[in-house]
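S.K.:
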Amino acid sequence: MNTNSTKELAIQISDLTVAYEETAVLWDIDVSVPVGTIMGIIGPNGSGKTTLIKAIMGIVEPSAGSVRVFGRPFREQRRRVGYVPQRTSVDWDFPTTVFDVVLMGTYGSLGWFRRPGPAERDAAHMALERVGMQDYLKRQISELSGGQQQRCFLARALVQEADIYLMDEPFQGVDARTEHAIVEILREMRSRGKTVIVVHHDLQTVERYFDLITMLNVRVVAQGPVAEVFTEENLRRTYGGRVELGRV
Amino acid sequence: MSLIPSIILIAVTTAAACAVPGVFLVLRRMSMVAEGVSHAVFPGLVIALVILGAFRSPLLVVGPAVLGLFLVFAVQAMNRTRLFAGDAPLGVVFPALFSIGVIIVSRRFSGVPLSENTVLAGDINYAALTQLHLGATAIGPRAFYVMLVILVVNMAFTVLFFKELKLTTFDPDHASSVGFGSSRLYYLFMATVSITIVGAFEAVGAVLVVGLLVAPAASAFLLSKRLESMLLLSVLFAVLSALIGFWIAYYLDAATSGTMAMMTGVIFLLTLAFAPRRGLLSKLRIRARRRITFAEQLLVMHLIHHVDGERVTPACSRDGVRQHVRWEPKFAEKVIRQGLEHGYIMEADDGLIPTMSGRMLCSEALLYKDDVCECGIVRGGLEKHEYEQH
Ligand SMILES: Nc1ncnc2c1ncn2[C@@H]1O[C@H](COP(=O)(O)OP(=O)(O)O)[C@@H](O)[C@H]1O
Ligand SMILES: [Mg+2]
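So the sequences go chain by chain: A and B.
Residue numbers for the first sequence follow numbering that gives the first Met the number 0, so the first one is 0 and each next one is one higher.
Residue numbers for the second sequence follow numbering that gives the first Met the number 0, so the first one is 0 and each next one is one higher.
1) Take S223/B and list the residues in its own chain whose beta-carbon comes closer than 7 angstroms to its own, dropping the five residues that flank it on each side.
2) Check whether chain B comes within 8 angstroms of A9/A, counting only Cβ atoms and requiring the distance to be less than that.
3) Would you say A149/A touches ligand 2, meaning its beta carbon is less than 7 angstroms from a heavy atom?
4) Quick test of your reading: V66/A and R79/A, contact by CB under 8 angstroms. State the CB separation rounded to the nearest angstrom.
5) Given that a residue counts as buried once 16 or more other Cβ atoms are within 10 Å of its Cβ, and exposed if not, what is M188/A?
6) Counting pairs of Cβ atoms below 8 angstroms between the segment 126-138 of chain B and the segment 5-20 of chain B, do you hit three or more?
7) Throw me the rounded Cβ distance for the S46/A and V217/A pair, which I believe falls under 8 angstroms.
8) Secondary structure at G47/A, three-state DSSP: helix, strand or coil?
9) Are at least three pairs of beta-carbons, each pair with one atom in the segment 166-184 of chain B and one in the segment 136-155 of chain B, less than 8 angstroms apart?
10) Would you report the Cα separation of E295/B and G172/A, rounded to the nearest angstrom?
11) Can the beta-carbon of L24/B be found less than 8 angstroms from the beta-carbon of A33/B?
12) Let's test the definition: count the other Cβ atoms within 10 Å of the Cβ of Q203/A and tell me whether it reaches 16, buried, or not, exposed.
13) Can you give the Cα-Cα distance for V208/B and L66/B, rounded to whole angstroms?
14) Round the Cβ separation of I28/A and I41/A to the nearest angstrom and send it over; I've been treating them as touching at under 8 angstroms.
15) What are the uninterrupted segments assigned as alpha helix (DSSP H) that are 4 or more residues long and contained completely in the segment 110-187 of chain B, given in chain order?
16) Measuring from each Cβ to the nearest heavy atom of ligand 1, keep the ones under 5 angstroms and list them in chain order.
17) Where does the unbroken beta strand (DSSP E) through L8/A begin, and where does it stop?
18) Compare the C-beta of K162/B against all C-beta atoms of chain A and say whether one is closer than 8 angstroms.
19) Within the present structure, is the beta-carbon of Q85/A separated from the nearest heavy atom of ligand 3 by less than 7 angstroms?
20) Within the continuous beta strand (DSSP E) that includes S31/A, where are the two ends?
21) Return the chain-ordered list of same chain residues with a C-beta closer than 8 angstroms to the C-beta of T105/A, the five sequence neighbours on each side being excluded.
22) So which of M38/A, G145/A, L8/A, A9/A has the shortest CA-CA distance to R186/A?
23) For S193/B, is the classification buried or exposed, using 16 other Cβ atoms within 10 angstroms of its Cβ as the cut-off for buried?
24) Helix, strand or coil for R321/B? Go by DSSP, reduced to three states.
25) Using a Cβ-Cβ cutoff of less than 6 angstroms, which residues in the same chain neighbour Q388/B once the five nearest sequence positions on both sides are dropped?
26) If the cut is a Cβ gap below 9 angstroms, which residues of chain B does K193/A touch?
27) Would you verify that the beta carbon of V177/B is, or is not, closer than 8 angstroms to some beta carbon of chain A?
28) Count the other CB atoms within 10 Å of the CB of L297/B; is the residue buried (16 or more) or exposed (fewer)?
29) Does chain A have any CB closer than 8 angstroms to the CB of P225/B?
30) Distance check for F245/B and S37/B, CA to CA, integer angstroms please.
31) The alpha helix (DSSP H) that contains M188/A, what's its start and end?
32) Taking contact to mean 3 or more Cβ pairs, one atom from each stretch, closer than 8 angstroms, check whether the segment 236-245 of chain B and the segment 256-271 of chain B are in contact.
33) Given a limit of 7 angstroms on CB to CB distance, which residues of the segment 173-206 of chain A reach chain B?
34) Closest by CA to T136/B, which one among Y343/B, S1/B, F273/B, L351/B?
35) Flag H301/B as yes if its beta-carbon sits less than 8 angstroms from any beta-carbon of chain A, otherwise no.
36) Can you pull the chain B neighbours of R114/A, defined as C-beta to C-beta under 7 angstroms?
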């Protein structure tokens, strides 16, 4: 872990404000993520965690502020960012197979009109193997368990061979084995110099999984190395009175 | 060209032309929008007729399509403000527009060649009468050629943008993150939908348009594992509905468009009932099986507690089980029988005992976080039984 401020920044968010119809859901956010770290984002429901992830990628337009990815606007760095949306954000009854979903990870580099070829298919096979889903290629996605859906989504992001991965609640509703497998992949990514940002909801695993943590509730309540900022005091400021519930 | 082949040509091309974009409308849960547009284009069509006074102008398709499109976006903008909930704007605005069209027509405003009846139920027979002429020979109904062009446009659009349509429909956020901002493609798609509706509206009427856009795609959805097969099945169901509908209407001397619309509904109900995995019957079967499996887990849990803990023989007898787990005697009998058959439990001298595979069945139930709730029930249930015993 390295929190040295002179180190190159994978993501730098400055003065970011996002509003939906004149209601601010993110207010004056400053967050810096150094290369090669795993950062967790925690905060109560509706605190703007998903919105922050989306704002980094320009999926929602900020009202103010800027986001830099390796020092440049996101639009110029798309290929270097892989996104794993919240599993529940899509309709898993959509008529498609596991392999097809993973192949979608290659569409970005293909651009408009070009179809995936053998190289893309190989990449998809390899990504599926990495998440241990190679036996489910032809499965319809509606026949997957929660954990398998999450692995499928992760594989789709892995195909992109990105340098930064943004994951929205990847551990939500998955079995213990999948959680373990995902954590292993995160650590392996870090060892290869990748940067990972994970929206997280289980306070008990924060200390084990993350190097850095951002505690969010519309504003950034605290951020920094887990050992320094993940304190009872900051938890109370983030979650209000509900903190005891999470820390049993 | 004579009437019957003309009608069949119009029906088949219209059905196929609607069935293709219908797939994406259904997948995006936009069936209401389809209905909305088909209502909204109507006043546009009537006004265009009043102004142009004749059927031949291509403006007759473009004008109403643009109006329909404009209204869809107006309503979506309204939705985004969250001043109204969900479909409310569609529900209010579109019928109002539609009735404006009906009023204009019913007052026989400057001799518009439409009647209220034609507009609602459609009059494919009338469309079949308007033949296109090449020199002196009739070369087929005009509506057929209009719909053929629209069909080709829709198919070309779908093939050309297949990858992009799939991506943006399945996961718009992810699509946007990799550079396929969905709005441009979406406008283009809605434009093809509007043009399809206007063309089909004139040929077959409002009721059948909505039927052809939504029902065949919804039926195909229930049967398809892949998007490609959903598209093919959707076209197949639409064409079948049109042909069978025509045949029934012909023999019963019923309204042609109305009978075709009914057939799209019949096919949908049949697939809804009998589709192998997503059909209602198969869902009921799956639920019944799950209920048994859960009951078997409950039974094994119960037995494990009594075999491993201090042994209370009566609790493990068939009667004991029935009392402790509180099932209907018949259901208890069934669960025990199934448990024995599956090898989760076996019969010993002093009652039932859990087997190794039974124990595995239970630990499976406890493994997954997803099932925390069910496990809670299992544990809670057992604690209660133990409590009652002591
Ligand atoms: N598309 C949207 N339009 C309007 N409000 C939204 C939209 N998406 C999210 N919100 C609101 O923004 C707030 C933050 O949402 P979100 O970022 O999803 O929070 P989190 O992921 O932390 O639970 C919530 O109050 C939510 O209701
Ligand atoms: Mg969220």
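Here a beta-carbon is modelled for each residue, glycine too, at the ideal position from N, C-alpha and C.
M.R.: Walking through what the data contain:
1) So the qualifying residues of the chain are M229, L232.
2) No, A9/A does not count as interfacial toward chain B.
3) Here residue 149/A turns out to be Gln, not Ala, going by the sequence shown. Incorrect: Q149/A has no Cβ contact closer than 7 angstroms to ligand 2.
4) So it is not a contact: roughly 13 angstroms between Cβ atoms.
5) Around the beta carbon of M188/A, a 10 Å sphere encloses 16 or more other beta carbons of the protein chains shown; the residue is thus reported as buried.
6) Taking 8 angstroms as the limit for Cβ pairs, the verdict is that the segment 5-20 of chain B does touch the segment 126-138 of chain B.
7) The pair is a contact, with the Cβ atoms about 6 angstroms apart (cut-off 8 angstroms).
8) G47/A: coil per DSSP, three-state reduction.
9) Taking one beta carbon from each stretch, the segment 166-184 of chain B and the segment 136-155 of chain B have fewer than 3 pairs nearer than 8 angstroms; the two do not touch.
10) In this structure, the CA atom of E295/B is about 24 angstroms from the CA atom of G172/A.
11) Their beta carbons are under 8 angstroms apart, which means L24/B touches A33/B by this criterion.
12) So Q203/A counts as exposed.
13) Rounded to whole angstroms, V208/B and L66/B show a C-alpha spacing of 17 angstroms.
14) Contact doesn't hold; Cβ gap of about 14 angstroms is too wide.
15) When DSSP assignments are scanned along the segment 110-187 of chain B, the uninterrupted stretches of alpha helix (DSSP H) that are 4 or more residues long and fall wholly within it turn out to be 115-120, 123-128, 141-159, 161-169, 171-176.
16) Counting every residue whose Cβ lies closer than 5 angstroms to a heavy atom of ligand 1, we get Y19/A, V24/A, N44/A, G45/A, S46/A, G47/A, K48/A, T49/A, T50/A.
17) Its beta strand (DSSP E) spans residues 8-19.
18) By the rule that beta-carbons nearer than 8 angstroms mark a contact, K162/B touches chain A.
19) This structure simply doesn't include ligand 3; it includes ligand 1 and ligand 2 instead.
20) Counting along the chain, S31/A sits inside the beta strand (DSSP E) bounded by residues 22-33.
21) Within the same chain, T105/A has close Cβ partners P115, E119, A122, A123, V158, Q159.
22) The shortest C-alpha separation from R186/A is found at M38/A.
23) By the 10 Å Cβ count, S193/B comes out buried.
24) DSSP, read as helix, strand or coil, puts R321/B in helix.
25) Only weak support exists for where Q388/B lies, its pLDDT of 37 falling under 50; the value from the coordinates is given anyway. The answer is none, since no qualifying residue turns up.
26) Taking a Cβ-Cβ cut-off of 9 angstroms, K193/A has no neighbours in chain B, whose nearest Cβ is about 17 angstroms from it.
27) At least one chain A Cβ lies under 8 angstroms of V177/B.
28) It is buried - the Cβ of L297/B has at least 16 other Cβ atoms within 10 Å.
29) The sequence given here has Arg at residue 225/B, not Pro. The beta carbon of R225/B sits closer than 8 angstroms to some beta carbon of chain A.
30) Rounded to the nearest angstrom, the two C-alpha atoms are 22 angstroms apart.
31) Run containing M188/A: 175-190, per the alpha helix (DSSP H) assignment.
32) Counting Cβ pairs under 8 angstroms, three or more are found: they touch.
33) Listed by position along the chain: V173, D174, A175.
34) When C-alpha distances from T136/B are compared across Y343/B, S1/B, F273/B, L351/B, the shortest belongs to S1/B.
35) Closer than 8 angstroms: no.
36) Within chain B, the C-beta atoms nearer than 7 angstroms to that of R114/A come from K162, in chain order.
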